[in-house]
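Here is the structure we will look at.
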């Protein structure tokens, strides 16, 4: 049988330890809440307020992903950049690459005109973003080089006509290791700004994407044409920055869909108030509720003091000034 002194001493020690641990975890929780991005910051990084992105990758073998180790080309790294904040859907009749969302409209060996013709079959799906990268085969095989930039401009016109709500991003073509081909590539790329600016000044949502960040060291040394994995990542980065730029202009809207009656309706945006961030669990609710950690701590302190006073009344002889704290 232990004495009243040791009994109350142990009770006090246990309560103090409990309150200390509770205070510690409250501090950790508070710091975590301070470091956690708010829903507003998530929305600020989302494209078009979190709207769905229905993207048509349109082009030749580079869009296909030729030369990449997983067959995904730029599509997977771009998907990873966008899907943190938006629901991303690639569309197209072709499938290639290890990723599950691997649709596209990239065809090996296609010049610009053929790319445009095959793309017409996808416009009915009404993408809100079109990624157009074409012209490499025209340059490599010297197909109508003088008119190739204008042919690309007409492909853009077809896209805008069929998908007036879409943003059309047109990329320059990456470097070529052969000296003669490279000279033709430089001339082709130099003609693109004027062609695309003409469309932009006419009010069309068209942007030229400069792939100057892709250099010759990012090109496969075997064929001298297709990027290696690092090159495809750089292309994805360039697409992403241009998508953000287009969004800052207010050009990107939720995609449209054709319902059963044939009329075109706008799809309501899908907004995640708290998207899932890698490494963090999904949290429901808010720390601003009534039972916040601070209020829980305050309530426990009040209950603890009440218990001490109850013990003092119940055992007045065992609780004297010498034993009180």
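In the working numbering, the protein residues as written are 2 to 326. Where is the CB? At the ideal position from N, CA and C, for every residue including glycine.
Legend entry - Sequence ranges, beta strand (DSSP E) only - wholly within the segment 166 to 204, length at least 3: 168 to 172
Inset, instruction - Could you check if residue 145 is buried or exposed, using at least 16 other CB atoms within 10 Å of its CB as the buried criterion? - result: Working through the chain shown from its first residue, we reach residue 145 at position 144. Residue 145 should be labelled exposed.
Legend entry - Limits of the unbroken beta strand (DSSP E) element including residue 90: Locating residue 90 in the chain shown gives position 89, counting from the first residue. 89 to 91 is the span of the beta strand (DSSP E), which, as asked, contains residue 90.
Legend entry - Three-state class that DSSP yields for residue 56 in the structure shown: For the purposes of this step, residue 56 is taken as residue 55 along the chain shown, with counting starting at 1. If DSSP states are grouped into helix, strand and coil, residue 56 belongs with the strands.
Inset, instruction - Measure the CB-CB distance between residue 174 and residue 136 and report whether it falls below 7 Å. - result: Stepping through the chain shown from its first residue, residue 174 is reached at position 173. Stepping through the chain shown from its first residue, residue 136 is reached at position 135. Yes; because the gap between Cβ atoms is below 7 Å, this pair is in contact.
Inset, instruction - Would you mind stating whether residue 54 and residue 120 have Cβ atoms separated by less than 7 Å? - result: Position 53 of the chain shown, counted from the start, is the residue given in the question as residue 54. Position 119 of the chain shown, counted from the start, is the residue given in the question as residue 120. No, Cβ-Cβ distance for residue 54 and residue 120 is not below 7 Å.
Inset, instruction - Tell me whether residue 142 is buried or exposed, calling it buried when 16 or more other Cβ atoms sit within 10 Å of its Cβ. - result: Translated into the one-based positions of the chain shown, residue 142 becomes position 141. Exposed, because fewer than 16 other Cβ atoms sit within 10 Å of the Cβ of residue 142.
Inset, instruction - Name the two residues that bound the continuous alpha helix (DSSP H) containing residue 231. - result: Within the chain shown, the letter at position 230 stands for residue 231. Looking at the DSSP string, the run of the alpha helix (DSSP H) that includes residue 231 is 230 to 249.
Legend entry - residue 208 to residue 193 span [Cα, whole Å]: As a position in the chain shown, residue 208 is number 207, starting the count at 1. As a position in the chain shown, residue 193 is number 192, starting the count at 1. Going from the Cα of residue 208 to the Cα of residue 193 covers about 11 Å.
Legend entry - Contacts around residue 154, its chain only, beta-carbon distance under 8 Å, and the 5 residues preceding and following it disregarded: Taking the chain shown and counting its residues from 1, the one referred to as residue 154 is at position 153. Cβ within range, chain order: 196, 197, 199 and 200.
Inset, instruction - Check residue 49 in the structure and name its three-state DSSP category. - result: The residue labelled residue 49 in the question sits at position 48 within the chain shown. It is helical.
Inset, instruction - Measure the CB-CB distance between residue 92 and residue 152 and report whether it falls below 7 Å. - result: Within the chain shown, the letter at position 91 stands for residue 92. Within the chain shown, the letter at position 151 stands for residue 152. Not a contact, by the Cβ cut-off of 7 Å.
Legend entry - DSSP-derived helix/strand/coil call for residue 113: Translated into positions along the chain shown, residue 113 becomes position 112. In this structure, residue 113 counts as helix in the three-state DSSP scheme.
Inset, instruction - With residue 125 as the anchor, note down where its alpha helix (DSSP H) starts and where it stops. - result: Taking the first residue of the chain shown as 1, we reach residue 125 at position 124. Careful: residue 125 lies outside any alpha helix (DSSP H) and carries neither H nor E.
Legend entry - residue 64 burial status per 10 Å Cβ neighbour count (16 or more: buried): One-based indexing of the chain shown puts residue 64 at position 63. Buried, since its Cβ has 16 or more Cβ neighbours within 10 Å.
Legend entry - DSSP state of residue 135 mapped onto helix, strand, coil: Position 134 of the chain shown, counting from 1, holds the residue named residue 135. Reduced to three states, the DSSP call for residue 135 is coil.
Inset, instruction - Just mark residue 118 as buried or exposed, buried being the case when its beta carbon has 16 or more other beta carbons within 10 Å. - result: On the chain shown, residue 118 is found 117 positions in, with the first residue counted as 1. Per the 10 Å Cβ criterion, exposed.
Legend entry - Through-space distance from residue 167 to residue 161, alpha-carbon basis: The residue labelled residue 161 in the question sits at position 160 within the chain shown. The residue labelled residue 167 in the question sits at position 166 within the chain shown. Between residue 161 and residue 167, the C-alpha separation is close to 7 Å.
Inset, instruction - Assign residue 258 to one of three DSSP states: helix, strand, or coil. - result: As a position in the chain shown, residue 258 is number 257, starting the count at 1. Of the three classes helix, strand and coil, the one that applies to residue 258 here is strand, per DSSP.
Inset, instruction - Return the first residue and the last residue of the beta strand (DSSP E) that residue 107 is part of. - result: One-based indexing of the chain shown puts residue 107 at position 106. Where residue 107 is concerned, the enclosing beta strand (DSSP E) stretches over 104 to 107.
Legend entry - Spatial distance of residue 246 from residue 131 (CA atoms): To locate residue 246, count along the chain shown from 1; it is residue 245. To locate residue 131, count along the chain shown from 1; it is residue 130. So the two alpha carbons sit approximately 14 Å from each other.
Legend entry - Same chain, Cβ closer than 6 Å to residue 163, five either side skipped, listed in chain order: To locate residue 163, count along the chain shown from 1; it is residue 162. Cβ within range, chain order: 124.
Legend entry - Buried/exposed call for residue 106, threshold 16 Cβ in 10 Å: Residue numbering aside, residue 106 sits at position 105 when the chain shown is read from its first letter. Looking at its Cβ environment, which holds 16 or more other Cβ atoms inside 10 Å, residue 106 is buried.
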